[in-house]
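Colleague: Below is one structure. I have some questions about it.
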Amino acid sequence: MSRIVDRERRTAREDQRRIFGELISRGRQTAFGRDHGYADIRSQQDFVNQVPIRDYEGLRHYFERITEGETDVLWPDKPKYLAKTSGTTSGVKYIPITPDSLPNHLNTARKALLNYASEGGRSRVFGGKVMFVSGSPVMTKTGGIDTGRLSGIVNHEIPAWIKGNQLPSFQTNCIDDWEVKVDQIVNETKHSDLRLISGIPPWVQMYFERLLAATGRDSVIEVFPNLQVFMYGGVNYEPYRGAIEDLIGTSIDSVELYPASEGFIAYQDSYQNEGLLLNTNSGIFFEFIPVAEVHHTNPTRLSIDEIELGQDYAVIINSNAGLWGYNLGDLVRFVSMEPYRIVVSGRVKHYISAFGEHVIGKEVEEAILRAAMDHGVRIREFTVAPQVNPEQEQRPYHEWLVEWEREPESISAFASTVDYHLREQNIYYNDLITGQILQPLQIRTMRANAFRDYMASQGKLGGQNKVPRLSNDRRLAEALLSV
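The opening position of the sequence shown corresponds to residue 37 in this note's numbering, with each subsequent residue numbered one higher.
As structure tokens, this is what we get:
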């Protein structure tokens, strides 16, 4: 497996050109291809001229034709599955997963795991149980197509060589109520030889806490002495790492993944180098839009051989799932071009620019993590919102809602450190502080389990759900404060 990964590191440009040609050829057989003149596309520039950038809402009428049972809409024939997910503006979304795109989801996770095992002789991870903390695999039908959460869909496709060692059971995974499900997972797994666990960090942390409460042990490693690796994706692990390692009782290996319902974008291929390897040979042709042009009508669209290091780009995908010029909504930053490795720097819609500061997720996470190290504290959860109209004629500020694992001796001193680290990273924010347009950020301490209770109140406890790190308005902040 390491030889395959090594080859793909070297052939990314060639693979991307080949995939582009294959996608256009297959796309000519679809309603979308006919609508956008695929018969006349001979180059990437032709494609850019004829296929605009859209998000889910922009492609909604094509997705609706699929859910109504029509074939050959975005990709030849019909999807095998529809991945059901919820968006902030589009409500429930139905993302097609075709027989051609399914290997992107399955083989990339397999590739990441086997690559991990092959580096440094870690094959003992396969000698025991593996657990995936995921959504329910229960399927419904939409337009005659099996429909469910992506993690539930993947549960149906797990290969036999893993399924025999997989935890929890199918029946337990089908439980909808997350609180009940976690307790059942604990009962089902506490006597197992667990070697690998995969899931969203805050929900794995919750599982570990329940496990220790149920077993009376002081650490997870006492319960699972052979636990070796934690595979995760969807959120930055660093804010949770200290608390999770305290629960485990030691540090274990971690492998980062970058999956989405729309496609498996990247995975950690090296444990000595920063970043995730872009998935350039798996049915997706990537384009990248400079962050400053994200909201332009006709933004610059770059292929991988045109990007620059250290710049933030919006990810645009074209894939054998039938997604064309699709704005994934994520921002990434390239940290290497030989090979192409990225870090996720934020969400296009998750930012604060109420005053022109253009603060993104990566900046707030790095600021609070550095401050936590400086002050020796632990953060359980946090989110940031602008306070545009503070009381008593104060200047506006950023309000940070923080739930602590280990609280600092001085909240004000900690806030000053966070502010310093944020100003270091973002010149616009720094200018607003020095120009006395904004006052330094303020921190509001949240009660224990405030974020979990909020997610439960929204029906989003568990699975792949997570709280946004920042918002450009106060809707999330006010909802959290009212729980």
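Even for Gly, the Cβ is constructed at its ideal location relative to N, Cα and C.
By DSSP's criteria, residue 289 is part of a beta bridge. Which residues make up the other side?
Modeller: For residue 289, which the question treats as bridged, DSSP gives the partners 265.
Colleague: Could you check what DSSP says for residue 496 in three-state terms: helix, strand or coil?
Modeller: The answer is coil: DSSP assigns residue 496 none of H, G, I, E or B.
Colleague: Quick check on residue 390: does DSSP put it in helix, strand or coil?
Modeller: The answer is coil: DSSP assigns residue 390 none of H, G, I, E or B.
Colleague: Please name the residue or residues paired with residue 354 in a DSSP beta bridge.
Modeller: In DSSP, residue 354 forms a bridge with 321.
Colleague: Starting from the C-beta of residue 313, find all residues in its chain whose C-beta is less than 8 Å away, skip the five residues before and the five after it, and write them out in chain order.
Modeller: Excluding positions up to five away in sequence, the list reads 41, 44, 45, 302, 303, 304, 305, 306, 375, 376 and 377.
Colleague: For a test of the three-state rule: what should DSSP assign to residue 167, helix, strand or coil?
Modeller: Correct three-state label for residue 167: strand.
Colleague: Helix, strand or coil for residue 82? Go by DSSP, reduced to three states.
Modeller: Residue 82 falls in the helix class under three-state DSSP.
Colleague: How many angstroms separate the CA atom of residue 414 from the CA atom of residue 48?
Modeller: Using only the alpha carbons, I get a separation of about 39 Å.
Colleague: Note down, in chain order, each residue of its chain lying with its Cβ closer than 6 Å to the Cβ of residue 114, except the 5 sequence neighbours on either side.
Modeller: Closer than 6 Å at the Cβ level, and outside the excluded window around residue 114, lie 107.
Colleague: Taking residue 342 as the reference, which of 323, 356 and 358 has the closest Cα?
Modeller: Nearest option by C-alpha distance: 323.
Colleague: Flag this pair as yes or no: are the beta carbons of residue 391 and residue 439 separated by less than 8 Å?
Modeller: Contact: no.
Colleague: Buried or exposed: residue 147, going by 16 or more other Cβ atoms within 10 Å of its Cβ?
Modeller: So residue 147 ends up on the buried side.
Colleague: What number of angstroms, rounded off, separates the C-alpha of residue 348 from the C-alpha of residue 370?
Modeller: Between residue 348 and residue 370, the C-alpha separation is close to 8 Å.
Colleague: Just to confirm my understanding: we take residue 138, look at its own chain, exclude 5 residues before and 5 after, and list those with CB closer than 8 Å. What are they?
Modeller: Taken in chain order, the residues that qualify are 116, 117 and 193.
Colleague: Please report the Cβ distance between residue 90 and residue 363, rounded to the nearest whole angstrom; I am assuming they are in contact, meaning their Cβ atoms lie under 8 Å.
Modeller: Indeed, because the Cβ distance is near 7 Å, the residues count as touching under 8 Å.
Colleague: Give the DSSP-derived three-state secondary structure of residue 66 in the structure shown.
Modeller: Here residue 66 sits in coil by DSSP.
Colleague: Measure from the alpha carbon of residue 525 to the alpha carbon of each residue in 386, 383, 410 and 360, then state which is nearest.
Modeller: Any answer about residue 525 is impossible in this case: the structure gives the chain only from 37 up to 519.
Colleague: Do three or more CB pairs link the segment 385-404 to the segment 450-457 at distances below 8 Å?
Modeller: Short answer: they touch.
Colleague: Can you tell me which of 509, 241 and 346 puts its alpha carbon nearest to the alpha carbon of residue 425?
Modeller: Checked all of 509, 241 and 346; the closest Cα to residue 425 is 509.
Colleague: On the criterion of 16 or more Cβ atoms from any shown chain inside 10 Å, does residue 124 qualify as buried, or is it exposed?
Modeller: Unreliable positioning characterises residue 124 in this predicted model, as indicated by a pLDDT of 47, which lies under 50. A coordinate reading is not provided.
Colleague: Quick one: give me the first and last residue of the beta strand (DSSP E) that residue 211 is part of.
Modeller: It is not in any beta strand (DSSP E) - residue 211 carries neither H nor E in the DSSP assignment.
Colleague: Just mark residue 217 as buried or exposed, buried being the case when its beta carbon has 16 or more other beta carbons within 10 Å.
Modeller: Buried: at least 16 other Cβ atoms inside 10 Å.
Colleague: Does the distance from the CB of residue 183 to the CB of residue 111 come in under 8 Å?
Modeller: No.
Colleague: Taking contact to mean at least 3 C-beta pairs separated by less than 8 Å, is the segment 270-279 in contact with the segment 161-175?
Modeller: With the cut-off at 8 Å, the segment 270-279 and the segment 161-175 do not touch.
Colleague: Name, in chain order, the residues that DSSP records as bridge partners for residue 435.
Modeller: Paired residues: 421 and 478.
Colleague: Decide if residue 185 is buried, meaning its Cβ has at least 16 other Cβ atoms within 10 Å, or exposed.
Modeller: It counts as buried.
Colleague: With DSSP as the reference, identify every bridge partner of residue 302, one or two as the case may be.
Modeller: Bridge partners of residue 302: 294 and 314.
Colleague: In the DSSP assignment, find the alpha helix (DSSP H) that holds residue 378 and state where it starts and stops.
Modeller: It is not in any alpha helix (DSSP H) - residue 378 instead sits in the beta strand (DSSP E) that spans 376-383.
Colleague: Quick check on this structure: which residue in 199, 175 and 338 has the alpha carbon closest to the alpha carbon of residue 211?
Modeller: That would be 175, whose Cα lies nearest to the Cα of residue 211.
Colleague: For a quick check, are the C-beta atoms of residue 200 and residue 187 less than 8 Å apart?
Modeller: Cβ distance not < 8 Å, so residue 200 and residue 187 don't count as in contact.
Colleague: Measuring straight from C-alpha to C-alpha, what distance separates residue 326 and residue 317?
Modeller: Approximately 23 Å, taken between the alpha carbons.
Colleague: Within a Cβ cutoff of 6 Å, which residues of the same chain sit near residue 420, ignoring the five residues on either side of it in sequence?
Modeller: Contacts found: 400, 434, 436 and 506.
Colleague: Is residue 368 near residue 384, with beta carbons less than 8 Å apart?
Modeller: No. Outside cutoff.
Colleague: CB-CB under 7 Å to residue 411, same chain, minus the five flanking residues each way: which ones, in chain order?
Modeller: The residues are 444, 450 and 453.
Colleague: Inspect the beta-carbon positions of residue 129 and residue 98 and report whether they are closer than 8 Å.
Modeller: Against a cut-off of 8 Å, the Cβ pair of residue 98 and residue 129 comes out as no contact.
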